[in-house]
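In the numbering used here, the protein residues as written are 29 to 158.
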């Protein structure tokens with residue numbers, strides 16, 4: 029099974045905390061369960077969308093977004109990762125040096141690609157607002 033993730037660069041981002049907060053709010057409005065952690069110029073956001081089938085098949089998986097700010101640019105990476113328990117008390121440094129993303133099968137890649145493309149499009153819109 030392949031490792032699947034996408035990366036974009038967001039331009040002119042002044043406040044990463046605001047970016048992560050607005051994106052988190054959007055995801056929650058769309059029915060996702062969200063957890064975030066921001067430390068300095070790095071952040072992790074995980075999102076899970078519930079449902080009976082989702083809870084049975086992939087309860088431990090989440091869309092995982094990582095953010096790394098350099099100047100006024102933010103590199104945003106999204107892929108499927110394991111839902112991290114207690115993200116709020118975990119040091120981001122340890123997470124960034126570990127492998128956050130998991131291997132998934134081809135049908136799941138196709139679905140996640142569609143979802144990720146839509147969410148990355150929305151993230152770009154939000155980045156222009158903050």
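Just so you know, even glycine gets a beta-carbon here, dropped at the ideal spot from N, CA and C. Since this is a predicted model, take the numbers as computed values, not measurements.
Could you check which residue in the options has the C-alpha nearest to that of residue i?
i: residue 76; options: 110, 50 and 49; result: 110
i: residue 149; options: 45, 62, 65 and 54; result: 54
i: residue 68; options: 158, 102 and 147; result: 102
i: residue 113; options: 152, 62, 51 and 49; result: 62
i: residue 91; options: 153, 66 and 52; result: 52
By how many angstroms is the C-alpha of residue j removed from the C-alpha of residue i?
i: residue 99; j: residue 71; result: 15 Å
i: residue 155; j: residue 45; result: 11 Å
i: residue 108; j: residue 143; result: 11 Å
Please return the same chain residues whose Cβ sits closer than 6 Å to the Cβ of residue i, not counting the five positions on each side in sequence.
i: residue 105; result: 33, 35 and 94
Residue i by DSSP, collapsed to three states: which one?
i: residue 169; result: Lying outside 29 to 158, the shown extent of the chain, residue 169 is not represented and no answer is given.
i: residue 67; result: strand
i: residue 159; result: A question about residue 159 goes unanswered here, because the residues of the chain that appear run from 29 up to 158.
Problem set entry | Touching by the beta-carbon criterion (3+ pairs, under 8 Å), the stretch 32 to 40 and the stretch 52 to 62 | no
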